[in-house]
Amino acid sequence: MAGHHGNNQEPGAALGVMGRLSGAIVAPVAVYMLLWQVGLRLVHEFAGTAQQSTRISILSVAIPALGVLAAVVIAGRRSGALVGGGVMMLFFLYLYISSAATLEWGPPLLTLVGVGIAAVLARWCPTIGDELFDVFKR
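Using the numbering used here, you'd call the opening residue of the sequence shown number -2 and step up by one each time.
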């Protein structure tokens, strides 16, 4: 049959899957960039010198966890944890290596702990339902 290429009977479903995967890729990076800037500004303004390293360590765990949970909300529990966790780790490693900081094991391990916490918490995280993309179905 002419005009029927692939499984294009439900273009709304395909749009929904691609929208969710795209959102799951973008969400961890956007959450990381936004919350890291806000959190770092708050730490520098309100924390004493002795407390700064502890609070930065807490942010290094909490922000990647929130980024992965944002991907879970968008893409679903399994896909969000896999895609969001992978994107978060790759993005963090890119920033860490390109910043020319002294390479230590602490920051990457804290990020891994945050991703692991998010993978555990993903079980109870709400997700966006399919009804969001029902508008595009024929």
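Note that beta-carbon positions come from the ideal geometry of N, C-alpha and C, so glycine has one too.
When the five nearest sequence neighbours on each side are left out, no beta carbon in the same chain lies closer than 8 Å to the beta carbon of tyrosine 91. Of the candidates Val110, Gly113, Ala78 and Ile94, the residue whose Cα lies closest to the Cα of alanine 24 is Ala78. Collapsing the DSSP output to three states places alanine 44 in coil.
Annotation: the continuous alpha helix (DSSP H) that includes arginine 75 extends over 74 to 95. For threonine 108, the enclosing alpha helix (DSSP H) begins and ends at 103 to 118.
Remark: fewer than three beta-carbon pairs, one from each stretch, lie closer than 8 Å, so the segment 74 to 88 and the segment 34 to 50 are not flagged as touching.
DSSP places leucine 56 in the helix class (H, G or I) of the three-state scheme. For the options Gly73, Ser50, Gly45 and Pro105, the alpha carbon positioned closest to that of leucine 118 is the one of Gly73. Between valine 110 and valine 28, the C-beta spacing is not below 8 Å. In the structure shown, leucine 18 falls within a helical segment according to DSSP collapsed to helix, strand and coil. The beta carbons of valine 80 and leucine 18 sit about 7 Å from each other, so the pair counts as a contact at 8 Å. In the displayed model, threonine 51 falls within a helix according to three-state DSSP.
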